[in-house]
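Everything on this sheet refers to the single structure shown next.
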């Protein structure tokens, strides 16, 4: 049985969003330097992130990774960076995709971003209330 995609988007559109987004990231005054410290091969990074999104949206099994661990291991990714990341990503989605597709993808990105942000705020896990 084939699982339908979360919303209507093609692999080509995913690749275009990722390429357009990371071109903007490289120019961004806050995010650009953070990414520059960690990404040495932009085409490979973009391919990996496109695979992540194909997995998340199209259920394509071509991605194998742990985004939470990658962001934690970077050491200089802060929860506040996700505000800039999401703002830039939303602008890219609206520029590249039809409005309904952009909104659906944005909602997914915001849910994922909230999880990553929370994981960075509490690297030791959920606090125990006493």
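Residue numbers (our numbering): 598 to 727.
We put the beta carbon where it would ideally sit given N, CA and C, even for glycine.
Minimum C-alpha distance to residue i - residue among the options
{"i": "residue 613", "options": "678, 627, 638, 650", "result": "650"}
{"i": "residue 622", "options": "682, 676, 672, 642", "result": "682"}
{"i": "residue 706", "options": "717, 629, 689", "result": "689"}
6 Å Cβ shell around residue i - same chain, five flanking residues per side excluded
{"i": "residue 709", "result": "none"}
{"i": "residue 642", "result": "636"}
{"i": "residue 701", "result": "604"}
Closer than 8 Å: residue i CB and nearest the ligand MN heavy atom
{"i": "residue 705", "result": "The ligand MN is absent from the structure shown, which contains no ligands of any kind."}
Exposure label - residue i; buried when at least 16 CB within 10 Å
{"i": "residue 624", "result": "exposed"}
{"i": "residue 714", "result": "buried"}
{"i": "residue 667", "result": "exposed"}
{"i": "residue 600", "result": "exposed"}
Within 9 Å, strictly: CB atoms of residue i and residue j
{"i": "residue 685", "j": "residue 603", "result": "no"}
{"i": "residue 718", "j": "residue 664", "result": "no"}
{"i": "residue 716", "j": "residue 658", "result": "no"}
{"i": "residue 648", "j": "residue 660", "result": "yes"}
{"i": "residue 678", "j": "residue 631", "result": "yes"}
CA-to-CA distance, residue j to residue i, given in whole angstroms
{"i": "residue 627", "j": "residue 691", "result": "21 Å"}
{"i": "residue 725", "j": "residue 694", "result": "Only weak support is given to the placement of residue 725: the predicted model assigns it a pLDDT of 48, under 50, and the question is left unresolved by the model."}
{"i": "residue 697", "j": "residue 687", "result": "12 Å"}
{"i": "residue 616", "j": "residue 712", "result": "24 Å"}
Same chain only: Cβ atoms within 7 Å of residue i, ignoring 5 sequence neighbours per side
{"i": "residue 618", "result": "685, 686, 689"}
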